[in-house]
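This report refers to the structure that appears directly beneath it.
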Amino acid sequence: MVHERSQLPAEPFRSPEFLREDGGLDLSPDQYAGLLDSDRPRAAPTTSELWAEETSPERPRPGRRLLLAVAVAGLVLVLLGMAALRLWRPWQRAGEPSTADGARTAKASQVGPSEVVVSRNKDGQYATLAEAVRNASPGTRIRVKPGRYQGGVALDRKVEIVADGPPGAIVLESIGYACVDMQTDEAVVRGLTLKTHGGAISKDFATVRVARGRLVLEDCDITSDAHVCVSVSGEATDVIVRGCTIHDGQVGVFFFAGATGWLEDCDLYGQSLSGITIRGGSTPVVRWCHLHDCRSFGVDVFDKGAGEFEHCTLYANAGAGVQLSGGASTVFRHCEISLGNDYGVLVTREGDGTLLYCDLSANVKAGVVIRDGSTPLLEGCEIAGNRENGVLVFARGKGELDGCLISGNTSASVVVHTQGDPKLRNCQIRNGKNAGIYVNAGGRGQFEGCTVSGHAIAEVAVQSGGDPVLRNCTLQNDRRQGLLVLAKGRGSLVGCRIVDNAQEGVLLQKADGPSLKSCRVSRNGKAGVWAEDGSRATVEDCDLKDNTGGPGRVGAGCTVTESGNMPPLAR
């Protein structure tokens, strides 16, 4: 936080008791005469006089008189010097500390910078902001009074520009070039409305351009009909944007070429491309911001962009709330990515990234899509109420989901296909309107310690070369089967519980070799395991008791390798 510099009052000059404020001496006539007499030359004493003074007990010794005279003369010189200093003081330069007073010297360094006023009504030193900056000394505060000011400003020295009026009362606008161009090491802009218009000159510029130093933007309204609202570039560049509204450009804030920055408590909306774009190794931190109603992405990170988002809300964007691609490795913590008109989060083209305790709910399409060799991590996230899938992984997509809640999605809660191979650990996958986990078309996936329950078709459905691995998972309370393996589906289940499903615990139709080992298949509404249509399977050391339709049956033309089951399957 950059605070306003305090204007410290000058400490009163503490005079000796006999020195007046006007520099004169506050003495009586007799005191003044005595001081003069003590300094008046005297005739040299004779030898006998000196001898008499030296030996007389009633007269002071000549050494003492000499010391007394020197002391009085010194005092007079000090008083005269102080009086002269007091008379000279009005001609000191403004802001220059006096060396005659140590206390005042110590406080002088704390006095704030000089201040100038910009006004359209001729009640300030300058009529334009650009002129005020050109003539300002480093450290100057520039107060801008209400009005509309034309033309941009180049910040080539350390200044603080502050609006002297309510929000929206001070407007700075430019056509064809940056409204604020940062060209120094440090500057502050607070409370202004900043606008750029493309005109006929160029559409490739920013309202605020930061290519050097640290710029602090506070409580500003920033917009552009041309391109980027705020552009931040370069490894030595930084920006602090706090409490700003950034809207209706192509990109709200664009970080690139290794830039850093900090956005806090900002509202970004109405961009034609994205609210925030990060690329080229840039690493901003974004906290407590709202990104919404963009006509494409809320956040777009690519080309090894990184950064962190905390406690942000991304909603009502036409594209994905977040797109991570091209080696992006951004971290999202406690963010809400919801109510989008596309995917909640799209991780593509070998994207990375980490989402911790985020809410990815109520999007028109899937909550999370992972594809093209991408490897994100989602931990403790809620992926709920999306109108398509909760999680969709395909085209060599990988990634890990740990401790996530995936619930109430319209299509299958988790879909894996075409060489998708995610890892899900300790996830709750429940209450979807289709299958819980659907693996097909060569999809794989590893599921460990997950609970899959309350779906409409099957807790786990596998077909067309799908080959998932489930360890220590629970498949329960389905309105049909716990596990459904269809045409050429495979899969491996170890130590799983398949219980309390309305129909078969396991139904195999043209299955191509799934295996169950050390599983408990019980309390299902029909048979424990039912194989038909030439299915092949392996069932070992499984508990098949307490199913309404018995342990199960192997149909004609099926090959089920069975050992150690209690009770055995009927044939």
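Under our numbering, think of the first position of the sequence shown as 41, with each following residue one higher.
Here a beta-carbon is modelled for each residue, glycine too, at the ideal position from N, C-alpha and C.
Just so we're clear, the structure is a prediction, and the values are computed from it rather than from any experiment.
List the DSSP bridge partners of residue i.
| i | result |
| --- | --- |
| residue 546 | 523 and 569 |
| residue 388 | 365 |
| residue 217 | Paired residues: none, contrary to the question. |
| residue 356 | Beta-bridge pairing links residue 356 to no other residue. |
| residue 325 | 302 and 348 |
| residue 463 | 440 and 486 |
| residue 309 | 287 and 332 |
| residue 583 | 560 and 606 |
| residue 414 | Per DSSP, none; premise fails for residue 414. |
| residue 552 | 576 |
| residue 399 | 376 and 422 |
Thinking residue i and residue j are a contact (beta carbons under 8 Å), I'd like their distance in whole angstroms, please.
| i | j | result |
| --- | --- | --- |
| residue 201 | residue 232 | 7 Å |
| residue 472 | residue 449 | 5 Å |
| residue 585 | residue 562 | 5 Å |
| residue 520 | residue 553 | With 8 Å as the limit, residue 520 and residue 553 do not qualify as a contact, their Cβ atoms being about 22 Å apart. |
| residue 515 | residue 492 | 5 Å |
| residue 253 | residue 224 | 5 Å |
| residue 385 | residue 404 | 14 Å between Cβ atoms; not a contact. |
| residue 536 | residue 572 | Contact doesn't hold; Cβ gap of about 21 Å is too wide. |
| residue 540 | residue 517 | 5 Å |
| residue 550 | residue 574 | 6 Å |
| residue 420 | residue 396 | 6 Å |
| residue 208 | residue 261 | 7 Å |
| residue 228 | residue 256 | 4 Å |
| residue 504 | residue 480 | 5 Å |
| residue 326 | residue 303 | 4 Å |
| residue 434 | residue 458 | 5 Å |
What's the C-alpha gap between residue i and residue j?
| i | j | result |
| --- | --- | --- |
| residue 205 | residue 343 | 42 Å |
| residue 464 | residue 312 | 36 Å |
| residue 494 | residue 287 | 43 Å |
| residue 149 | residue 180 | Reliability of the predicted coordinates at residue 149 is poor, the pLDDT of 32 falling under 50, and no value is obtained from them. |
| residue 241 | residue 210 | The pLDDT assigned to residue 241 is 48, lower than 50, so where the model puts this residue is not dependable; a value taken from the coordinates is nonetheless given after this. The alpha-carbon atoms of residue 241 and residue 210 are separated by roughly 25 Å. |
| residue 163 | residue 176 | 18 Å |
| residue 65 | residue 156 | Confidence at residue 65 is low in this model, with a pLDDT of 35, below 50, so its placement is unreliable and the value that follows should be read with caution. Answer to the nearest angstrom: the Cα atoms are 40 Å apart. |
| residue 268 | residue 307 | 15 Å |
| residue 568 | residue 323 | 54 Å |
| residue 394 | residue 212 | 39 Å |
| residue 606 | residue 367 | 51 Å |
| residue 436 | residue 507 | 14 Å |
| residue 293 | residue 375 | 18 Å |
| residue 270 | residue 309 | 13 Å |
| residue 406 | residue 185 | 50 Å |
| residue 363 | residue 217 | 30 Å |
| residue 319 | residue 249 | 16 Å |
| residue 314 | residue 377 | 14 Å |
| residue 542 | residue 499 | 11 Å |
| residue 590 | residue 339 | 54 Å |
| residue 196 | residue 159 | 21 Å |
| residue 174 | residue 183 | 15 Å |
| residue 371 | residue 222 | 28 Å |
| residue 496 | residue 454 | 14 Å |
| residue 601 | residue 556 | 10 Å |
| residue 475 | residue 451 | 7 Å |
| residue 558 | residue 502 | 20 Å |
| residue 547 | residue 608 | 16 Å |
| residue 577 | residue 365 | 40 Å |
| residue 347 | residue 462 | 24 Å |
| residue 333 | residue 379 | 10 Å |
| residue 485 | residue 214 | 55 Å |
| residue 278 | residue 298 | 10 Å |
| residue 203 | residue 187 | 10 Å |
Residue range of the beta strand (DSSP E) that residue i falls in?
| i | result |
| --- | --- |
| residue 404 | Looking at the DSSP string, residue 404 is not in any beta strand (DSSP E), and its letter there is neither H nor E. |
| residue 498 | 498 to 502 |
| residue 611 | Here residue 611 belongs to no beta strand (DSSP E), and DSSP marks it neither H nor E. |
| residue 424 | 422 to 424 |
| residue 342 | From DSSP, residue 342 is part of no beta strand (DSSP E); its letter is neither H nor E. |
| residue 235 | 233 to 237 |
| residue 200 | 199 to 203 |
| residue 468 | 468 to 470 |
| residue 246 | 246 to 250 |
| residue 189 | 187 to 190 |
| residue 180 | 180 to 184 |
The alpha helix (DSSP H) spanning residue i covers which residue range?
| i | result |
| --- | --- |
| residue 209 | Where residue 209 is concerned, there is no enclosing alpha helix (DSSP H), given that its DSSP letter is neither H nor E. |
| residue 174 | 169 to 175 |
Sorry if obvious, but does the Cβ on residue i come closer than 8 Å to a heavy atom of the ligand MG?
| i | result |
| --- | --- |
| residue 169 | For the structure depicted, the ligand MG is absent and the ligand set is empty, with no information on it obtainable. |
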